[in-house]
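*Asks:* The structure that follows is given in the form of structure tokens.
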Ligand code: SF4
Ligand code: SF4
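In the working numbering, the protein residues as written are 33 to 498.
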């Protein structure tokens, strides 16, 4: 229980903050606050937005730096192509990412949500700003919402939603570029629409989804849909840094007494400014680790503004841990943090090893299923038939030579494999042949796959004899 003080009204526990008692959505009009942290977040968000919108335009060796083409199962991370055959790397990468998120959350709570989550960045740093610019602050927005449909209201609402739609269209196209790469995207928008019906359909669907999320659904994404918010309860502990209300200093809250100009017992003057600016509509004073709190720091800026006005020290709401508030403790490395960190370092080490030793191709060799050996009565030679498959995982065409173990002979069935085009899979069949009695029954053999640079891979297989 993170609120060891008595709350006068615990009704907030019975329904979502943006919901009336009969279940209707209550629209949130967050107050406009520009404080130190908001300015820092704005700068950081510009960096993130430029990176997000700029990355799809960057190319390395004629290919995008990042591409996540789930439809054609082609992926590029930092300019390196990956294929479904690299699934183990993706799975390990995801496990490390989850571990990193857990460790980060244990240490710094919801800093990700407030500072870097695309939902918060788009909502608070783009869409919300446009709303303030066109409709004014929270009071003006409420007034406009309650006003009849005059010409001014129609113009304001139409311009706002038009801009929302344009930005959603921009985000949708960027998203599409990450999926198919910018050259395919450019083709799609320059060629006749009937040639790219699938892509255009996706573009319309994404635009609709983004528009709906940022124009209507908004904070519901964080409160209802996002699984990360729901993980907070199990990840955070009293040592985690989060946006916290210093209830020791703030309580008992109360208005400034007009006659004496003195405060109630605590520093909180119950002005509700921290509640008014909250984009999810919550009251941070009801407890710091609330599911709906996205760690956006608006309440910190708001309260600092109030404290400055009443000549009290800033930081009644601040980044701190529960232990920091109650015992004045600094963040320390608990056993849990140590365990997460060790595991993460091991995993990152293992993935780095796999990446560094990863070859730009992959070969598989199978003795043809259902076939036994062939014995030539005249030459007294035994042969087995094989299927080979080579995947070229690079952006270059690769030339291979396929060499059997001594003293085997390799006889191709049909055209021998020599070159594998970039990103292609090629299949071939051959016999491995040896003199009868020259190979021990049950002993394994191999063929070497060697490219022009002398890089090789040994493909093991079985060889059956009479
Ligand atoms: S802004 Fe500060 S003083 Fe005002 S209600 Fe919130 S915590 Fe109390
Ligand atoms: S409680 Fe504060 S930090 Fe949390 S979402 Fe609301 S304004 Fe942002």
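We put the beta carbon where it would ideally sit given N, CA and C, even for glycine.
Model, not experiment: these values are computed from the prediction.
Any idea what DSSP makes of residue 33, helix, strand or coil?
*Replies:* Because the pLDDT of residue 33 is 37, which lies under 50, any placement of that residue in the model is unreliable, and the question is left without a value.
*Asks:* Please work out which residues of its chain come closer than 8 Å, Cβ to Cβ, to residue 122, disregarding the five sequence neighbours upstream and downstream, and give them in chain order.
*Replies:* Around residue 122: 107 and 114.
*Asks:* Quick check: the Cα distance between residue 337 and residue 352, rounded to an integer number of angstroms?
*Replies:* 18 Å
*Asks:* Would you kindly report the start and end of the unbroken beta strand (DSSP E) that includes residue 425?
*Replies:* Premise fails: residue 425 is in no beta strand (DSSP E) and is neither H nor E.
*Asks:* Here's the rule: buried if 16 or more other CB atoms are within 10 angstroms of the residue's CB, otherwise exposed. What is residue 224?
*Replies:* exposed
*Asks:* Excluding the 5 residues preceding and the 5 following residue 33 in the sequence, name in chain order all residues of the same chain whose CB lies nearer than 7 Å to its CB.
*Replies:* Low confidence applies to residue 33: its pLDDT is 37, below 50, so where it sits in the model is not reliable enough to give any reading.
*Asks:* Measure the C-alpha to C-alpha separation of residue 385 and residue 379 and round it to an integer number of angstroms.
*Replies:* 10 Å
*Asks:* Secondary structure at residue 143, three-state DSSP: helix, strand or coil?
*Replies:* helix
*Asks:* Flag residue 282 as yes when its Cβ comes closer than 7 Å to any non-hydrogen atom of ligand 1, and as no otherwise.
*Replies:* yes
*Asks:* Mapping the DSSP letters down to three states, classify residue 176 as helix, strand or coil.
*Replies:* Three-state result, residue 176: helix.
*Asks:* Going by the C-beta, is residue 338 closer than 7 Å to any heavy atom of ligand 1?
*Replies:* yes
*Asks:* Using the Cα positions of residue 240 and residue 143, report the straight-line distance between them to the nearest angstrom.
*Replies:* Each residue's alpha carbon lies about 29 Å from the other.
*Asks:* Quick check: the stretch 147 to 164 against the stretch 126 to 137, are there 3 or more CB pairs under 8 Å?
*Replies:* no
*Asks:* For residue 393, name the three-state secondary structure that DSSP assigns.
*Replies:* strand
*Asks:* Can you name, in chain order, every residue of its own chain whose Cβ lies under 6 Å from the Cβ of residue 479, other than the five neighbours on each side?
*Replies:* 434, 436 and 491
*Asks:* Label residue 54 either buried or exposed according to how many other C-beta atoms from any shown protein chain fall within 10 Å of its C-beta, with 16 as the threshold for buried.
*Replies:* exposed
*Asks:* According to DSSP, simplified to helix, strand and coil, what is residue 352?
*Replies:* strand
*Asks:* If you run the structure through DSSP and keep just helix, strand and coil, what is residue 488?
*Replies:* The three-state secondary structure of residue 488, taken from DSSP, is strand.
*Asks:* Tell me the start and end of each unbroken beta strand (DSSP E) in the stretch 77 to 121 that is at least 3 residues and wholly inside, in chain order.
*Replies:* 99 to 101, 106 to 109 and 112 to 114
*Asks:* For residue 309, is the classification buried or exposed, using 16 other Cβ atoms within 10 angstroms of its Cβ as the cut-off for buried?
*Replies:* buried
*Asks:* Just the Cα atoms here: how many angstroms apart are residue 59 and residue 66?
*Replies:* Taking the straight line joining both Cα atoms gives about 22 Å.
*Asks:* Between which two residues does the beta strand (DSSP E) holding residue 482 run?
*Replies:* Residue 482 -> beta strand (DSSP E) spans 476 to 483.
*Asks:* Just curious, the beta strand (DSSP E) that residue 275 is in, first and last residue?
*Replies:* Annotation for residue 275: the continuous beta strand (DSSP E) segment containing it runs 274 to 277.
*Asks:* Quick one: Cα of residue 64 to Cα of residue 228, how far?
*Replies:* The straight-line gap from Cα to Cα measures roughly 43 Å.
*Asks:* Just reading off the beta strand (DSSP E) that residue 461 is part of, what are its end residues?
*Replies:* Taken as a continuous stretch (DSSP letters only), the beta strand (DSSP E) holding residue 461 covers 457 to 467.
*Asks:* Quick one: grab the DSSP three-state call for residue 48.
*Replies:* coil
*Asks:* Exposed or buried, what is residue 186 when buried is set at 16 or more other beta-carbons lying within 10 Å of its beta-carbon?
*Replies:* exposed
*Asks:* Measuring alpha carbon to alpha carbon, tell me which residue in 251, 140 and 212 is nearest residue 234.
*Replies:* 212
*Asks:* Decide if residue 137 is buried, meaning its Cβ has at least 16 other Cβ atoms within 10 Å, or exposed.
*Replies:* buried
*Asks:* Between the C-alpha atoms of residue 428 and residue 269, what's the straight-line distance to the nearest angstrom?
*Replies:* 50 Å
*Asks:* Could you name the residues of the same chain whose beta carbon sits closer than 7 Å to that of residue 265, not counting the 5 residues immediately before and after it, in chain order?
*Replies:* Within the same chain, no Cβ atom closer than 7 Å to the Cβ of residue 265 is found once the five residues on either side in sequence are excluded.
*Asks:* Of all the options 364, 450, 460 and 411, which has the alpha carbon lying nearest to the alpha carbon of residue 397?
*Replies:* When only C-alpha atoms are compared, the closest one is 460.
*Asks:* Among 475, 419 and 135, which has the Cα closest to the Cα of residue 3?
*Replies:* The requested residue 3 does not occur in the structure, where the chain is confined to residues 33 to 498.
*Asks:* Report the option in 401, 145, 482 and 118 whose CA atom is closest to the CA atom of residue 494.
*Replies:* 401
*Asks:* Can you pull the DSSP bridge partners for residue 220?
*Replies:* Beta-bridge pairing links residue 220 to no other residue.
*Asks:* Under 7 Å from any heavy atom of ligand 2, does the C-beta of residue 314 make it?
*Replies:* Answer for residue 314: yes, Cβ within range of ligand 2.
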